[in-house]
Each structure stands twice: as structure tokens, then as C-alpha cells.
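Numbering-wise (UniProt numbering), the sequence shown opens with residue 1 and increments by one.
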Amino acid sequence: MSSQPDHPHVPVIPQPPMTRDALREAVKRLDLARTAEFDRELGEAFDRAVQTASTTPMRLFLEKWATVVAIERHPGRFHAMREAERVTGDPRATEEEFRAAQQTIARILREASAETGAAR
1 MSSQPDHPHV
11 PVIPQPPMTR
21 DALREAVKRL
31 DLARTAEFDR
41 ELGEAFDRAV
51 QTASTTPMRL
61 FLEKWATVVA
71 IERHPGRFHA
81 MREAERVTGD
91 PRATEEEFRA
101 AQQTIARILR
111 EASAETGAAR
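Set out below in C-alpha cells:
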């Protein structure tokens, strides 16, 4: 993340609408290096949409990146997610640490999904 506020619980940017252009701009502001990943996945989603004659790949793409932005725009949430992911990948983590990390990931994903409006 490139933008860091003084307070870890204050979002660095507002949650953008779930549109390609708004999400791309948010990704660019939060982590410029991920813009190439966003663009590559956008192209892949478009190709799948054309091949399957379905809008589902585009909807899933937008939901994924809206969730990424919802997580990364909150520095505290972003760092908690990274730490929980680190613990779940650590073979030395205890069962208790692993379960706590899984719960943290699930909570963060629920919060982010609710912010995107994609939660149903």
C-alpha cells in the first residue's frame, strides 16, 4: 500500500463504486504495482465472458477487486489480513494460532464484502 494515514482504522480512500474504471483508479492509488495484475485479470475476465457468452466472469472480477480495495483501503485491516495469511502458511503455527488466523481472514472478508455491496 502506498498511502498510509496517521490512524490505522481510518480508510485512506472511500470505497469506490463497483465499476472497472473506479476500481482501477482505487487500485492505482492504493498499490500502483498491482495495476498490471488488475489489467491482466480484466482481460482474462473479458475473454472468459466472450467465450462463455456470460457476464458472470466480469461480475466475479469486479467483486474480487472491490473486495481487494475494501481490505487495502484500511491499513489496519490490510496488515491484519497479511499477518493472518502469514500465520496460515507457517508450518510452525500452533493449531490455535492457525484457527485464530482463519477466523481473522473470514471476519475481514465478511467486512470487506459488506462494504462492497456484494454481500448477499
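The beta-carbon is built from N, C-alpha and C at its ideal position, and this holds for glycine as well.
Where the alpha helix (DSSP H) through G76 begins and ends: In this chain, the alpha helix (DSSP H) harbouring G76 covers P75 to T88.
Using a 10 Å radius around the Cβ and a threshold of 16 neighbouring Cβ atoms, would you call L62 buried or exposed? When all chains shown are included, L62 counts as buried.
Through-space distance from A33 to residue 133, alpha-carbon basis: This structure cannot speak to residue 133, because the chain is shown only from 1 to 120.
Can at least three beta-carbon pairs, one atom from the stretch 101 to 112 and one from the stretch 66 to 77, be found at a separation below 8 Å? Here the stretch 101 to 112 makes contact with the stretch 66 to 77; the two share three or more CB pairs at distances below 8 Å.
Using 8 Å as the cut-off, can you tell me whether the stretch 9 to 18 makes contact with the stretch 64 to 75, which would need three or more C-beta pairs spanning the two stretches below that distance? They touch, by the three-pair rule.
Helix, strand or coil: which one does DSSP assign to I13? Note: I13 maps to coil in three-state DSSP.
Is M58 helix, strand or coil by DSSP? Looking at M58 - three-state DSSP - the assignment turns out to be helix.
On the three-state DSSP scale, how would you describe D21? D21: helix per DSSP, three-state reduction.
Once DSSP output is grouped into helix, strand and coil, what is the label at G117? Coil.
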